[in-house]
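Enquirer: One rule links them: number in this note's numbering = place in the sequence shown (from 1) + 1457. The beta-carbon is built from N, C-alpha and C at its ideal position, and this holds for glycine as well. Before I ask anything, let me first share the structure, which is written out below as structure tokens.
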Amino acid sequence: MIKSKSATRLTPAVNTQLSTSNTQLSTSIITKQPKMSRCLLSVAITSSLLLVGCGDDDNDRVVSYDTTVETINAFSTDQIDNGFGLGNTATPDAKCDIKIEKINYPTVGAAGERTNATAALMLPSGDSADCQGDRPILLYAHGTTTDKDYDFSQVANTQNPAVAEATLIAANFAAQGYIVVAPNYAGYDDSNLEYHPYLVAEQQATDMADALEGARTIIDRQQRVNDTDYTSIDDSGKLFISGYSQGGHVAMATARLLEQQNEPVTAIAPSSGPYALAAFGDAIFAGNVNIGATRFAPLLAVGLDKKYKNIYSNTSDIFSAQYANTQLPSMQTFGELVNAGKLPDNALFQSKPTNNTILDQLPTSNLPFAFLGFDDDKYLIKTDFRAAYVGDALQNPDSLIASTGVLPAANPQNNLRKALKDNDLRGYVPKMPALLCGGNQDPTVFYDINTGSMTAIIQQAGAASGANLNVTVLDVDTRGNRGAVTPIGSAMSNPWMSTSIIDNIQGRFSATLTAVQNKAIADAQAAGVTDPTVLAQAAGAAVLASYHGGLVSAACTQATREFFDQEFTAS
């Protein structure tokens, strides 16, 4: 049957030519409804397809467990170079035009339940040898979002929350000749799963592998029906895996899964991921509240409870009453949820005194932003739930937090701590070439706990077994005599080690950070501020706000592209 190819809304800055061709598929029709009129329905699946009317337009929504494809958009090299607004990044000139497809593929939820998810499939095209023939695949895992409509196929669409990350990856990889497969994950976009299995390592890795399989199925299928979008390229067999933030954890978990399945992986580059999930949780519950905590906690608690069924009996067991019924991901933005009183902005815990001996005796965090994680009344996690967690952490400490080692607690008793340990990636040592990238001042995903512990574990593994490892750890932030480049195993012989590439990455990060500070100061001065202390605070706040999601993300994207360009052979 024929499935029509439809186009998404366009950013006004891009004058886009739309594809109007049809695709012959051996599966069923999907009628695409407008993005702004989605309905969220829970339905029982009685066959491979179920059509459910949304009631707000004349179209029907289809939940499909078949692998299907639709065309979303197309961009020329000129549009990529001049219309994507990436001039403040290290994005190189585009070599290739790109075509943006979206695939729908079957996968599973945290409890193994059958569901579907969608992914962007970005195809390079053009006359250059870099844009046709055998092409490498980048399997990319995106960062945390609370936005239900996050859709990585919406490149250059400023009306979609995925626009910044999707556009950056499209320009740095698809426009350089990679076939990009970027899952939206189960629970987002047109997935019928009512929650997202956030940082559930097994499910997230399976979701990624399912998206890769779906993309390869589509490529093969469309080539067989002579779809001109597909006939000039092919899968070379080189598979690269990358991701940022949540996606860093997902990328590493995916590499582990594919390695266990003997699926060849050429190289990986997880960045700024919460790999040491159990230690990270212990640090936060002890009072070192990270920026973004109230976004992460509901996603994590619900996803883990779906898998283990013992994190809580009801969401009101863990969350304060005013927030217990807020569901994530949501069609409301995070800001809208905060303004509606459905989530606190950053207050995770009750301020002292809490009238709990365990909590009130905890030392105050020395992180300059941690105070934002506390409030007298409007806080997310209930005090008794936090106290039970902290009590177990004190009795059964994580060796990384206790400074006695790098591994999780041997025998945690608290169910949330058990679940975090089960999804902690400490102990995994990648056998394929790997880059771990991040910034040491990250206020959202703490560098030393996560990337630092993985570095120590991989170094120990290489020293103990003499394993032929090739791992590079890159800290992009050189302030305070940091910014180390740590080659492990044979990584010192990688070609980029004999160039100025890494210096360029770190230098660009430093220059961009300084520009952020200077702009904040200039804006404050324009508003009449003259006090040097206040100006310095404005500069610090600006860096804090952009460090994880902007500064480090852009630098690690550059590092990932440069790392993958070293012509690794598939392993």
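(1) So if DSSP puts C1894 in a beta bridge, which residue, or which two residues, is it bridged to?
(2) Give the straight-line distance between the Cα atoms of N1719 and G1694, rounded to the nearest whole angstrom.
(3) If you follow the alpha helix (DSSP H) that T1751 is in, where does it begin and where does it stop?
(4) Nearest chain B C-beta to Y1780 closer than 8 Å, yes or no?
(5) Give every residue of the same chain whose Cβ lies closer than 7 Å to the Cβ of P1952, excluding the five residues on either side of it in the sequence, and list them in chain order.
(6) Can you have a look at M1949 and say buried or exposed, based on whether 16 or more other CB atoms are within 10 angstroms of its CB?
(7) When DSSP builds the beta bridges, which residues end up paired with T1821?
(8) Below 8 Å between beta carbons: does that hold for I1675 and V1526?
(9) Apart from the five residues just before and just after A1547, which ones in its own chain have a Cβ nearer than 6 Å to its Cβ?
(10) Buried or exposed: which applies to M1665, given that a residue is buried once 16 or more other Cβ atoms fall within 10 Å of its Cβ?
(11) For A1632, collect the residues of the same chain with a Cβ closer than 6 Å to its Cβ; drop the 5 residues on either side in sequence, then sort them by chain order.
(12) If you measure between the beta carbons of H1599 and E1570, is that distance less than 8 Å?
(13) Under the DSSP definition of a beta bridge, which residues are partnered with P1581?
(14) Taking all protein chains shown into account, decide if K1839 is buried (16 or more other Cβ within 10 angstroms of its Cβ) or exposed.
(15) Going by C-alpha to C-alpha distance, which of P1755, T1601, D1881 sits closest to A1619?
(16) Do L1837 and I1690 have their C-beta atoms closer together than 8 Å?
(17) Could you tell me if V1682 is buried or exposed, where buried requires 16 or more neighbouring beta carbons within 10 angstroms of its beta carbon?
(18) Helix, strand or coil: which one does DSSP assign to L2001?
(19) Within 10 Å of its beta-carbon, does T1971 have 16 or more other beta-carbons around it, so buried, or fewer, so exposed?
(20) Going by Cα to Cα distance, which pick from I1858, G1540, A1708, Q1679 is closest to P1727?
(21) On the criterion of 16 or more Cβ atoms from any shown chain inside 10 Å, does K1878 qualify as buried, or is it exposed?
(22) Nearest to R1843 by alpha carbon, out of F1828, I1914, T1821, L1816?
(23) Unbroken beta strand (DSSP E) runs of length 3 or more, entirely within the region 1688-1750: which are they?
(24) By DSSP's criteria, N1561 is part of a beta bridge. Which residues make up the other side?
(25) Keeping to the same chain, check which residues put their C-beta closer than 8 Å to that of V1986; ignore five residues upstream and five downstream.
(26) Mind pulling the alpha helix (DSSP H) runs of 4 or more residues that sit fully within the region 1609-1644?
Expert: In short:
(1) By 1-based counting over the sequence shown, the position of residue 1894 is 437. By DSSP's assignment, C1894 forms a beta bridge with S1728, L1931.
(2) Looking up residue 1719 in the sequence shown gives position 262. Looking up residue 1694 in the sequence shown gives position 237. If you draw a straight line from the Cα of N1719 to the Cα of G1694, it comes to about 14 Å.
(3) By 1-based counting over the sequence shown, the position of residue 1751 is 294. Secondary structure note for T1751: its alpha helix (DSSP H) is the uninterrupted segment 1750-1765.
(4) Absent from the structure is chain B; it holds one protein chain and no more.
(5) Residue numbering aside, residue 1952 sits at position 495 when the sequence shown is read from its first letter. So the list reads Q2023, once near-sequence residues are dropped.
(6) Mapped onto the sequence shown, residue 1949 falls at position 492. With fewer than 16 other Cβ atoms within 10 Å, it is exposed.
(7) The count along the sequence shown starts at 1 and reaches residue 1821 at position 364. For T1821, no pairing in a beta bridge is given by DSSP.
(8) Counted from its first residue, the sequence shown places residue 1675 at position 218. Counted from its first residue, the sequence shown places residue 1526 at position 69. Against a cut-off of 8 Å, the Cβ pair of V1526 and I1675 comes out as a contact.
(9) Numbered from 1 along the sequence shown, position 90 holds the residue referred to as residue 1547. Result list for A1547: R1965, Q2015, in chain order.
(10) Position 208 of the sequence shown holds residue 1665. Burial of M1665 is indicated by the presence of at least 16 other C-beta atoms within 10 angstroms of its C-beta.
(11) Locating residue 1632 in the sequence shown gives position 175, counting from the first residue. In its chain, beyond the 5 residues on either side, I1537, A1551, C1553, I1555 have a beta carbon closer than 6 Å to the beta carbon of A1632.
(12) Residue mapping note: residue 1599 aligns to position 142 of the sequence shown, counting from 1. Residue mapping note: residue 1570 aligns to position 113 of the sequence shown, counting from 1. Contact flag unset, no.
(13) Mapped onto the sequence shown, residue 1581 falls at position 124. Beta-bridge pairing links P1581 to I1555.
(14) The count along the sequence shown starts at 1 and reaches residue 1839 at position 382. For K1839, the number of other beta carbons within 10 angstroms of its own is at least 16, and it is reported as buried.
(15) By 1-based counting over the sequence shown, the position of residue 1619 is 162. It is T1601.
(16) Position 380 of the sequence shown, counted from the first residue, corresponds to residue 1837. Position 233 of the sequence shown, counted from the first residue, corresponds to residue 1690. Between L1837 and I1690, the CB-CB gap reaches or exceeds 8 Å.
(17) On the sequence shown, residue 1682 is found 225 positions in, with the first residue counted as 1. V1682 is exposed by the Cβ-count criterion.
(18) Reading the sequence shown from its first residue, position 544 is the one you call residue 2001. DSSP places L2001 in helix when its eight states are reduced to three.
(19) Locating residue 1971 in the sequence shown gives position 514, counting from the first residue. T1971 should be labelled exposed.
(20) Here residue 1727 refers to the residue found at position 270 when the sequence shown is read from its first residue. Of I1858, G1540, A1708, Q1679, the residue nearest in Cα terms is A1708.
(21) Position 421 of the sequence shown holds residue 1878. With at least 16 other beta carbons inside 10 angstroms of its own, K1878 counts as buried.
(22) To locate residue 1843, count along the sequence shown from 1; it is residue 386. The option with the nearest alpha carbon to R1843 is L1816.
(23) Within the region 1688-1750, the complete beta strand (DSSP E) runs of at least 3 residues are 1690-1701, 1724-1728.
(24) Within the sequence shown, the letter at position 104 stands for residue 1561. N1561 is bridged to T1525, T1575.
(25) Indexing the sequence shown from 1 puts residue 1986 at position 529. Counting only Cβ-Cβ distances below 8 Å, and skipping sequence neighbours, we find L1992, A1995.
(26) 1620-1629, all fully within the region 1609-1644.
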